[in-house]
Amino acid sequence: MKKRIGIIGGGIIGSATAYFLSQYPDADVTLFEKNSIGSGTTAKSAATFCLIDDSVSHEFWSVRLFGFKFYTGLEKQMPGSTGFEQTGTLMVCPYREYEMYTKQAVALTLASGYQAEYWTDHDKIHQIIPDLNLEGILGAGWCPDDGFFDATMTANTIARLARERGVQIHINTKVTEICKEGNKVTGVETSKGHFDFDVVVDASGPWVRNVAKLVGVDLPIWHTKAEVFILEPTEKLSYPFPVLKYPRFYARKDKSNVFICKSHQSMDLNDPKHAGFWDPDQLPMTGGTDEYFWEFLTEQLMEQYPRLLEASVVNEWVGYRAEPPDFLPVLGPTPVEGYVLAAGAGGNGVIEAPTIGRDVADFVMTGNKSWYLDRLPLSRLEKLQYDSTGRLISKPGIEIK
Ligand SMILES: Cc1cc2nc3c(=O)[nH]c(=O)nc-3n(C[C@H](O)[C@H](O)[C@H](O)COP(=O)(O)OP(=O)(O)OC[C@H]3O[C@@H](n4cnc5c(N)ncnc54)[C@H](O)[C@@H]3O)c2cc1C
292 MKKRIGIIGG
302 GIIGSATAYF
312 LSQYPDADVT
322 LFEKNSIGSG
332 TTAKSAATFC
342 LIDDSVSHEF
352 WSVRLFGFKF
362 YTGLEKQMPG
372 STGFEQTGTL
382 MVCPYREYEM
392 YTKQAVALTL
402 ASGYQAEYWT
412 DHDKIHQIIP
422 DLNLEGILGA
432 GWCPDDGFFD
442 ATMTANTIAR
452 LARERGVQIH
462 INTKVTEICK
472 EGNKVTGVET
482 SKGHFDFDVV
492 VDASGPWVRN
502 VAKLVGVDLP
512 IWHTKAEVFI
522 LEPTEKLSYP
532 FPVLKYPRFY
542 ARKDKSNVFI
552 CKSHQSMDLN
562 DPKHAGFWDP
572 DQLPMTGGTD
582 EYFWEFLTEQ
592 LMEQYPRLLE
602 ASVVNEWVGY
612 RAEPPDFLPV
622 LGPTPVEGYV
632 LAAGAGGNGV
642 IEAPTIGRDV
652 ADFVMTGNKS
662 WYLDRLPLSR
672 LEKLQYDSTG
682 RLISKPGIEI
692 K
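Counted from 1, the sequence shown has number 678 at position 387 by the numbering used here; the numbering is strictly sequential.
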C-alpha cells in the first residue's frame, strides 16, 4: 500500500518537498495551499542565489551547491521556468573577518567549478559599480556565474512538475485541523473536507508556529521583518546591476530599478523592531515598512553608495521570515508521530528548498536521516541560550558589524 502524505503550504519549500516525494513510486502525495502556489513569503523574496554569500554558513556549502545546480538545471531544461538572471555577485568587505569569509567563499566556488575572484584593487571593484564609496574597504569578492531567481515562478514550475507526476495540489484550501489518534497523525481537516494521511509535512513558512499548535507542538520560531524598498534612480544607472552584498544590507536589480533589503544575518531576535511573533495573515502585499528601516538604509547608503540616495521609492513591502533562534531550519520528526517539519528557513529558503525537499522526502519514505536533517532536528532547540541580561544568544555564523 502507498504511503499517504499531506503537505501543508505551497511555498518554495512545500513545492520542492512535493517534487522530491513525487519521485517515489510508493508515495501518494497531496499538497494544500490556502492561497496560490508561491504566494506567501516566497512571493516577497529577493531570491538571490549567490555562490559567494554570507547568509548560509560554509558548513552548509553542499546545500547551497545542490540548490544552485537544481534551479539552474531546471532553467537549462526549460528556459524561463525559474526566471534566473545571471547578474553576478559583488561582495564588499569592510572588515577583516568578512574578508576572510569572502575569500573562503571564492575558494569554494572555484573548487566547485564556477568562476570567482577576490579583488583588493579598487579600480576593479569600480568596474562593476563605479559609484561605490570604497574608502576603508579592504576588497571585494566577485562571482559572475550567480544572480537571482523568480521564487514564485520557480515554485510554480516545481509544483507543476510534481503535479505531472501524480501529486494532488489543492489551492485555495486551508488546513484547519491536524487529526491524531493517540500520539499519531491520521489526517487533516481542510476548508474543502477531510483527508486521511500517514504523514503530514508542515511547510507553512511563517505560519508554522500556529499550524504546529494544531497538533500540540510548541515551536520556538520567531518572525524577523524583511523590509524591502524598490528604488528608482533619478538618473538611470549606466551599468548592469549585480547582486550587491554588504554585511548589513544587500541589493539586486529589479527590472531597471534596485531592490534593497536589510541583511538577514544583521537581524537581532532581542530587538522588537527586528523580531517578534506576528500574524502573517495581517501582512499587506505592499507597504508597511518602518521608519527605522529608512533611517538605517539612508545611513548605510550615505556611507557606501550615496548615488543610490538620488532615487525615489516606487514600491515597498514587508515579509516575515520564519526564524528559529539559531537562524537555521528545523527539519524532520517531532514528538508527534507522523508530523514532520520542513520549516524555519528564515532568509535562506530559496537556497535551501531543494535540499530540504530532497532530504525530507527521503526521510518520509525511507526513515533515513541525511546529514542535513541530523544536524537540524527540533530537539536542538529544546534548550534556548540566554545571556545574563536575558538576551537570546544563539545566532551562529559570521559576526555582522
Ligand atoms: C524580503 C525577503 C527577501 C528574501 N530574500 C531571500 C534571498 O535572497 N534568498 C533566499 O534564499 N531566501 C530569501 N528570503 C527567504 C525566502 O523567501 C523564504 O525563506 C522562503 O520563501 C520560505 O518559503 P516557505 O515555503 O517556507 O514559506 P512560504 O513561501 O511563506 O510558504 C508557506 C505557504 O503556506 C501556506 N499556508 C500557511 N498556513 C496554511 C494552512 N493552514 N493551510 C494551507 N496553506 C497554508 C501559505 O499561504 C504559504 O503560501 C527572503 C525573504 C524575504 C521576505
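We put the CB at the ideal spot given by N, CA and C, even for glycine.
Query raised in the report: First and last residue of the alpha helix (DSSP H) that includes residue 306?
Result: 303-312
Query raised in the report: Under 6 Å from any heavy atom of ligand 1, does the C-beta of residue 475 make it?
Result: no
Query raised in the report: residue 519: which of 606, 381 and 613 sits nearest, CA to CA?
Result: 606
Query raised in the report: With 16 other CB atoms within 10 Å as the buried threshold, where does residue 568 fall?
Result: exposed
**Report entry** Terminal residues of the alpha helix (DSSP H) in which residue 353 lies
**Finding:** 352-368
Report task. For residue 488, I'd like the list of residues in its chain whose CB is within less than 8 Å of its CB, leaving aside the five on either flank, ordered along the chain. Result -> 295, 296, 297, 321, 476, 477, 478, 479 and 629
**Report entry** Beta-carbon separation (whole angstroms), residue 551 vs residue 347, contact threshold 8 Å
**Finding:** Between residue 347 and residue 551 the Cβ distance is about 20 Å, and since that is not below 8 Å, they are no contact.
Requested in this report: With DSSP collapsed to three states, give me the class of residue 635.
Outcome: coil
Query - C-alpha gap between residue 620 and residue 523, whole angstroms - result: 34 Å
Query raised in the report: In whole angstroms, what separates the C-alpha of residue 507 from that of residue 632?
Result: 14 Å
Query raised in the report: With 16 as the cutoff for other CB atoms within 10 Å, does residue 385 come out buried or exposed?
Result: buried
Report task. Report buried or exposed for residue 378, applying the criterion of at least 16 other Cβ atoms within 10 angstroms of its Cβ. Result -> buried
Report task. Would you decide whether residue 662 is buried or exposed? Buried here means 16 or more other CB atoms lie within 10 Å of its CB. Result -> exposed
Query raised in the report: Does the region 666-678 come within contact of the region 333-346, defined as at least 3 CB pairs closer than 8 Å?
Result: no
Report task. Starting from residue 606, trace the beta strand (DSSP E) both ways and give me its first and last residue. Result -> 602-614
Report task. Note the first and the last residue of the continuous beta strand (DSSP E) segment covering residue 664. Result -> Note, residue 664: premise wrong, no beta strand (DSSP E); alpha helix (DSSP H) at 662-666.
Query raised in the report: At which residue ranges does the region 444-531 contain complete beta strand (DSSP E) runs of 3 or more residues, listed in the order of the chain?
Result: 459-461, 466-472, 475-481, 484-487, 490-493 and 513-524
Query - Where residue 585 falls: helix, strand or coil (DSSP) - result: helix
Query raised in the report: Is the region 451-460 touching the region 570-583, taking contact as three or more C-beta pairs under 8 Å?
Result: no
Query - Beta-carbon separation (whole angstroms), residue 692 vs residue 597, contact threshold 8 Å - result: Incorrect: roughly 20 Å between the Cβ atoms, too far for contact.
Query raised in the report: Does the beta-carbon distance from residue 601 to residue 525 come in below 7 Å?
Result: yes
Query raised in the report: For residue 647, which beta-bridge partners are listed by DSSP?
Result: None; residue 647 has no bridge partner.
Query raised in the report: Would you say residue 552 touches ligand 1, meaning its beta carbon is less than 6 Å from a heavy atom?
Result: yes
Query raised in the report: Which term fits residue 355, buried or exposed, when burial requires 16 or more other beta carbons within 10 angstroms of its beta carbon?
Result: buried
Query raised in the report: Ordered along the chain, which non-local residues of its own chain (more than five positions away) have a Cβ less than 7 Å from that of residue 400?
Result: 342, 343, 407 and 434
Requested in this report: Alpha carbon to alpha carbon, how far is residue 590 from residue 521? Give it in angstroms, no decimals.
Outcome: 17 Å
Query raised in the report: How many angstroms separate the CA atom of residue 405 from the CA atom of residue 397?
Result: 9 Å
Requested in this report: Spatial neighbours of residue 624 within its chain, please: CB distance less than 7 Å, with the 5 preceding and 5 following residues excluded, ordered by chain position.
Outcome: 631
Query raised in the report: residue 304 CB to nearest chain D CB: under 7 Å?
Result: The structure shown contains no chain D; it is built from a single protein chain.
Query raised in the report: Comparing alpha-carbon positions, which option in 311, 366 and 302 lies nearest residue 326?
Result: 302
Query raised in the report: Who are the near neighbours of residue 533 in its chain, counting only those whose CB is closer than 7 Å to its CB and skipping five residues on each side?
Result: 378, 379, 380, 381 and 419
Query raised in the report: Is the region 640-659 close to the region 304-317, with three or more CB pairs under 8 Å?
Result: yes
Report task. With distances taken Cα to Cα, identify the nearest neighbour of residue 683 among 548, 615, 653 and 428. Result -> 615
Query raised in the report: Should residue 498 be listed as close to ligand 1, given that the test is whether its C-beta is under 6 Å from any heavy atom?
Result: yes
Query raised in the report: Taking residue 501 as the reference, which of 516, 467 and 553 has the closest Cα?
Result: 467
Requested in this report: Determine, using beta carbons only, whether residue 246 and residue 410 come nearer to each other than 7 Å.
Outcome: Since the first and last residues shown for the chain are 292 and 692, residue 246 lies out of range.
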